[in-house]
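Using numbering that gives the first Met the number 0, the letters of the sequence shown map in sequence onto residues 0 to 42. Yeah, the Cβ is synthetic: ideal placement off N, Cα and C, and Gly gets one too. See below for the structure under consideration.
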Amino acid sequence: MSLRLGDTVPDFEAVTTEGPIKFYDYLGDGWGVLFSHPADYTP
């Protein structure tokens with residue numbers, strides 16, 4: 000899946016260091032920035 004600047008990110012679930020989250024529930028009524036930098040933090 001590709002996202003472009005300004006696209007709405009689909010809701011997803013993730014296991015985090017703070018436990019499992021659902022992205023939209025985690026944000027609530029606030030704003031969020033989803034950052035991904037492929038190749039960093041990978042073996």
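Between the alpha carbons of Gly5 and Val32 lies a gap of roughly 11 Å. Cβ contact annotation for Lys21 (same chain, cutoff 7 Å, sequence separation greater than five): Asp10 and Glu12, in chain order. Every beta strand (DSSP E) of 3 residues or more that sits fully in the segment 8 to 34 is shown, in chain order, as 12 to 15 and 18 to 21.
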